[in-house]
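Colleague: Here you go, one structure.
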């Protein structure tokens with residue numbers, strides 16, 4: 004089970020036979036060339052279809068590690084064959100940036116106007132998304148923070164190194180709650196700036212976020228901490 008910036012919210016319940024998987028997940032350039040691979044050999048961005056506009060978070064996205072397969076309730080990035088080469092839909096940096104935006108309060112706010120019980124691809128494609136690239140304002144900063152939030156497990160070492168993160172050199176990935184809250188708040192603030200929200204508009208978005216009916220729950224306290232950190236970070240941008 005996935006959650007925002009996490010792929011391991013729950014232990015896998017099923018294991019599949021490799022021989023059968025290779026038949027249905029194979030990507031081959033042609034029948035003549037012995038050039039083939041499998042979709043699970045790639046890091047892929049994914050988001051969860053099951054949702055609600057009354058949940059604490061409507062859009063839930065992360066990057067899947069290699070050798071991980073999932074059911075039809077996750078929309079997963081496509082791996083395709085192009086000009087006799089295998090190609091992912093997004094660059095590594097774009098994966099991290101997209102995940103950061105998808106998991107932001109601002110993007111979630113927009114999604115809740117369309118979503119009722121499922122985040123269908125039709126709804127998802129209608130949501131306004133910033134088309135930024137390397138070097139654009141807040142792109143690289145969002146990539147860096149998303150990478151730190153996602154690449155906390157050994158299975159992401161290769162992906163982390165591709166964007167300049169080296170945990171052996173730079174220290175362990177941020178696993179403590181306070182560290183992750185700070186990173187998430189900074190991403191939320193930058194996404195608000197990318198969408199050109201002023202402080203009043205951003206506060207309105209944050210105030211619209213509800214974490215259940217109870218006034219004091221662990222989830223609500225966690226969300227409130229992220230919102231407070233986001234406002235603090237926004238004031239520094």
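Numbering (the numbering used here), first residue to last: 4 to 240.
Every residue gets a Cβ at the ideal spot worked out from N, C-alpha and C, and that includes glycine.
#1: Using the Cβ count rule (16 or more neighbours within 10 Å means buried), how would you classify residue 37?
#2: Taking only the alpha-carbon atoms, compute the straight-line gap between residue 98 and residue 53 and give it to the nearest angstrom.
#3: Out of 212, 108, 236 and 225, state which residue places its alpha-carbon closest to the alpha-carbon of residue 179.
#4: Grab me the residues of residue 146's own chain with a C-beta within less than 7 Å of its C-beta, minus the 5 sequence neighbours each way, in chain order.
#5: Who are the Cβ neighbours of residue 137 in its own chain at under 7 Å, not counting the five residues just before and after it?
#6: For residue 8, name the three-state secondary structure that DSSP assigns.
#7: Using a Cβ-Cβ cutoff of less than 7 Å, which residues in the same chain neighbour residue 192 once the five nearest sequence positions on both sides are dropped?
#8: Can you list, in chain order, the residues of its chain with a C-beta nearer than 6 Å to that of residue 286? Leave out the 5 residues immediately preceding and following it.
#9: Secondary structure at residue 120, three-state DSSP: helix, strand or coil?
#10: Rounded to the nearest angstrom, what separates residue 122 and residue 152 at their Cα positions?
#11: Could you spell out where the alpha helix (DSSP H) holding residue 95 opens and where it closes?
#12: Work out the CA separation of residue 11 and residue 204 for me, nearest whole Å.
#13: So who's on the other strand from residue 49, going by DSSP bridges?
#14: Residue 34 by DSSP, collapsed to three states: which one?
#15: Between the beta-carbon of residue 149 and the beta-carbon of residue 197, is there less than 8 Å?
#16: Pop quiz: residue 106 and residue 199 are said to be a contact at Cβ under 8 Å. What is the actual Cβ separation, rounded to whole angstroms?
#17: Would DSSP call residue 204 helix, strand or coil?
#18: Of the choices 187, 59, 80 and 135, whose alpha-carbon is the least far from that of residue 43?
#19: Going by other Cβ atoms of all chains shown within 10 Å of its Cβ, with 16 needed for buried, is residue 16 buried or exposed?
#20: Just to confirm, are residue 194 and residue 109 a CB contact at a threshold of 8 Å?
#21: Since residue 188 is in the alpha helix (DSSP H), which residue starts that stretch and which ends it?
#22: When you compare only the Cα positions, how much space is there between residue 35 and residue 51?
#23: Whose C-alpha, out of 155, 162 and 93, is nearest the C-alpha of residue 134?
#24: Report the residue from 58, 207 and 113 whose alpha carbon sits nearest the alpha carbon of residue 230.
Modeller: So, to answer that:
#1: Residue confidence for residue 37 is low, a pLDDT of 47 falling below 50, so the modelled location carries little weight and cannot support an answer.
#2: 21 Å
#3: 225
#4: 96, 99, 100 and 166
#5: 96 and 143
#6: coil
#7: 233, 236, 237 and 240
#8: Residue 286 lies beyond the range of the chain shown here (4 to 240); nothing can be said about it.
#9: coil
#10: 23 Å
#11: 95-105
#12: 34 Å
#13: 65 and 79
#14: With a pLDDT of 49 at residue 34, under the threshold of 50, the predicted position of this residue should be treated as unreliable, though the coordinate-derived value follows. Looking at residue 34 - three-state DSSP - the assignment turns out to be coil, as it is neither helix nor strand.
#15: no
#16: 19 Å between Cβ atoms; not a contact.
#17: helix
#18: 80
#19: exposed
#20: yes
#21: 180-197
#22: For residue 35, the predicted structure reports a pLDDT of 43, less than 50, and the residue's modelled location is therefore unreliable. A value from the coordinates is still provided. C-alpha separation (whole angstroms): 37 Å.
#23: 93
#24: 207
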